[in-house]
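Quick notes on the structure that follows.
Number of protein chains: 2
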Amino acid sequence: MTERRSGEGQPERTLALLWRNHRKSTADKEPTVLRGRGAGRRPSLDVNGVVAAAIRLADTQGLAAASMGGVAKELDVGTMTLYTYVPSKEELLDLMVDQVLGERELPGPGAPRPHDWREQVEIYSDQTRAMFLRHPWLSQVSTIRPPVGPSMLAGREYLLSALLEIGLTPRGTNLAALAITTYVDSAAGLEAESELIEQSTGQTNDAWWYERNDLWETYFDVDQHPAMTAIWNANGYQGTTRDAATESYRYGLDRLLDGIQATALES
Amino acid sequence: MTERRSGEGQPERTLALLWRNHRKSTADKEPTVLRGRGAGRRPSLDVNGVVAAAIRLADTQGLAAASMGGVAKELDVGTMTLYTYVPSKEELLDLMVDQVLGERELPGPGAPRPHDWREQVEIYSDQTRAMFLRHPWLSQVSTIRPPVGPSMLAGREYLLSALLEIGLTPRGTNLAALAITTYVDSAAGLEAESELIEQSTGQTNDAWWYERNDLWETYFDVDQHPAMTAIWNANGYQGTTRDAATESYRYGLDRLLDGIQATALES
DNA sequence: CTGATTTCCGTAAGGTATACGAGAATTGCA
DNA sequence: TGCAATTCTCGTATACCTTACGGAAATCAG
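Chains as they are written, first to last, in the numbering used here: chain A, 1 to 267; chain B, 1001 to 1267.
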């Protein structure tokens, strides 16, 4: 299931956390409400440390291990201490996600990059896929209302900049970018989830299917499934589940890019 | 987040439940271990009733409401009574999923269907999308290790049968089907999740973005995001979030099918 | 040394799944 | 009729989760 982050209380506070208060260099009328100044007990932690600990736990022991109690224990403080640094579990998740989104090495505006737009998209795909495999718990986090942080914006900017040069309409460029992120994020997420389940259950997907051999012997009716049977008999299901996932990922992405390229050539 | 169903104990029992013991008409050596016969207290419920109640709760009050306690209360029995009918929450989820997968009206083998394979795929897409919108909690359930039930198999059979006729290799047909289900299931799931969040939070996605207006004023640096800025200035983001989702869904599916069609024409 | 300020965190409330075992209901056989 | 075998029912207990509340501890300015 996908972890839901339902209603964040104060958008301003969440934004300030995500951007670590790096406001753009305008007037700066606000006295920069940062911690540390003036009176009061010294903090023993900081936001980055809390986020890093939570990511470490999620990476090594699964997202469930990154509970408030778990993170607190990892940092050797009381559970409630975390709430000094982070308003709630939801915001902590947002911070974790934007943090790992930032691990992708995507050329910024002006930085050198391949000439071919498809190669540029491939960088996005490779980096995103690697990110998911490093942090498989990402596949369990809903991104409908994503963390509106610097790294999430940088990712969208990069993909859009790659698509701009193929000369679609502005709206078309946006649609193409949405289609690509939908496919890449979902397919990479599925791959990551697959490995995650193999590790957390200690059972490969192939072994899982083998355990259900009963299906074919006892329940599967060949007459009701001629297409599956035909493909099976023609060895269409050859190879391991894992290889199929990798191959299918590339296949789908290439076909999607083919289709986008074709609409660009028409105009 | 995505609900995880980690390790089901006995595959045989789960299969028997999913298929409601409708084994294919072979020898039938087993004395058909169905309930109801012989001595013992009469059951007050049945599996279908439990599954139906769980789906009803999830539809109306979210997946979290379909807890064991919640379903039991809905049926006016003690929580532990449910475990007579279903081995665990995991299996109940499997049963819920296969049940709603079966709501899709997909022509079976031999049944009349459109001539054009793309129209056939469109039926799959429309029916699946409608299913997700009727049961948005589906987007929270992981399908890496899906319920191996009749309705899940029927869906895969239908899609494969539609793709068979375009004359790809067996392996290519399988890859194309995987790519399509990945895209359709994910994109439809995202749409459904979007509506689910709008309903459960009582806040439209547009309102959610508006609440984060601070982003553009305080943090967003135009120089770092020239592509986004260009598309914004050219009205590339016009329309509501919801319209964009629907339009993007169609756009991505059409481009993917374009790409698949092109590889078929080559050979 | 005092008062203001900030961090730290124990406790408690209300949620989840499910192992265990006792008790109730029903049938068939002696 | 009595009784054993069988099956369903479900209260209790355990071990987690998030977080509201409020008081104690630490630190600085004056």
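The beta-carbon is built from N, C-alpha and C at its ideal position, and this holds for glycine as well.
In this text, all values refer to a predicted model and were calculated from it rather than measured experimentally.
Residue interval of the alpha helix (DSSP H) (run including residue i)
| i | result |
| --- | --- |
| A/G202 | Run containing A/G202: none; DSSP gives neither H nor E here. |
| A/L82 | Premise fails: A/L82 is in no alpha helix (DSSP H) and is neither H nor E. |
| A/E217 | Run containing A/E217: none; DSSP gives neither H nor E here. |
| B/P1043 | Element bounds for B/P1043: n/a, residue is neither H nor E. |
| A/Y249 | 241-266 |
| A/N21 | Neither: A/N21 is in no alpha helix (DSSP H) and is coded neither H nor E. |
| A/L168 | Careful: A/L168 lies outside any alpha helix (DSSP H) and carries neither H nor E. |
| A/A234 | Unbroken run through A/A234: none, as it is neither H nor E. |
| A/A58 | 47-61 |
| A/G69 | 68-75 |
Cα-Cα separation, residue i to residue j
| i | j | result |
| --- | --- | --- |
| A/D28 | A/V51 | With a pLDDT of 47 at A/D28, under the threshold of 50, the predicted position of this residue should be treated as unreliable, and no value is reported. |
| B/R1250 | B/A1053 | 34 Å |
| A/T32 | A/T14 | Any reading at A/T32 must be qualified, since the residue scores a pLDDT of 45, below 50, and its modelled position is unreliable; the value itself is stated next. About 15 Å. |
| A/W19 | B/Q1127 | 41 Å |
| A/D76 | A/L45 | 10 Å |
| B/H1156 | A/G155 | Correcting the residue type first, residue 1156 of chain B is Arg in the shown sequence and not His. If you take the alpha carbons of B/R1156 and A/G155, they lie about 34 Å apart. |
| A/T241 | A/E198 | 11 Å |
| A/Y183 | A/L257 | 11 Å |
| B/R1134 | B/A1058 | 11 Å |
| A/P114 | A/R255 | 20 Å |
| B/W1137 | A/T143 | 15 Å |
| A/L153 | A/L215 | 46 Å |
| B/Q964 | B/G1252 | Chain B is shown only over 1001 to 1267; residue 964 of chain B falls outside these bounds and no answer can be derived. |
| B/W1209 | A/P147 | 11 Å |
| B/L1265 | A/I231 | 20 Å |
| B/A1072 | A/G70 | 31 Å |
| A/L93 | B/A1064 | 19 Å |
| B/S1200 | B/Q1061 | 9 Å |
| A/Y85 | A/S67 | 15 Å |
| B/E1217 | A/E12 | 12 Å |
| A/G49 | A/P226 | 56 Å |
| A/I260 | B/A1244 | 17 Å |
| A/L17 | B/Q1010 | 46 Å |
| B/G1202 | B/G1038 | 52 Å |
| A/V47 | A/Q99 | 12 Å |
| B/L1082 | B/R1118 | 44 Å |
| A/L196 | B/D1185 | 20 Å |
| A/P87 | A/H22 | 19 Å |
| B/E1074 | B/R1042 | 20 Å |
| B/R1145 | A/K24 | 46 Å |
| B/T1246 | B/V1141 | 22 Å |
| A/A111 | B/S1161 | 47 Å |
| A/N213 | B/G1078 | 35 Å |
| A/G274 | A/A207 | With chain A covering 1 to 267 only, the question about residue 274 of chain A has no answer from this structure. |
| A/E211 | B/E1211 | 50 Å |
Rounded distance between the beta-carbons of residue j and residue i, thought under 8 Å
| i | j | result |
| --- | --- | --- |
| B/L1168 | B/A1176 | 6 Å |
| B/N1174 | A/Y237 | 6 Å |
| B/A1179 | A/S248 | 6 Å |
| B/I1123 | B/L1101 | B/I1123 to B/L1101, Cβ: 15 Å. No contact. |
| B/P1109 | A/A234 | Actually they are not in contact, since the Cβ atoms of B/P1109 and A/A234 sit about 17 Å apart, beyond 8 Å. |
| B/M1080 | B/R1104 | Actually they are not in contact, since the Cβ atoms of B/M1080 and B/R1104 sit about 34 Å apart, beyond 8 Å. |
Close Cβ partners of residue i (< 6 Å) along its chain, the five nearest in sequence each way excluded
| i | result |
| --- | --- |
| A/I55 | M96 |
| A/S139 | G189, A192, E193 |
| B/R1129 | A1188 |
| A/G149 | L18, D98 |
| A/I166 | W117, A264 |
Same chain only: Cβ atoms within 8 Å of residue i, ignoring 5 sequence neighbours per side
| i | result |
| --- | --- |
| B/T1263 | L1168, G1172 |
| B/L1159 | V1121, Y1124, A1177, I1180, T1181 |
Residues near residue i by beta carbon distance below 7 Å, same chain, minus five either side
| i | result |
| --- | --- |
| A/V222 | T229 |
| A/Y219 | none |
| A/G40 | none |
The ligand SAM heavy atom lying under 7 Å from the CB of residue i
| i | result |
| --- | --- |
| B/L1163 | Absence of the ligand SAM is noted for the structure shown, with no ligands found whatsoever. |
Only counting runs of 4 or more residues, tell me where the alpha helix (DSSP H) segments fall wholly within the stretch 125-165 of chain A, in order along the chain.
150-164
Ignoring anything shorter than 4 residues, give me the alpha helix (DSSP H) runs that lie fully in the stretch 1085-1123 of chain B, in order along the chain.
1089-1101
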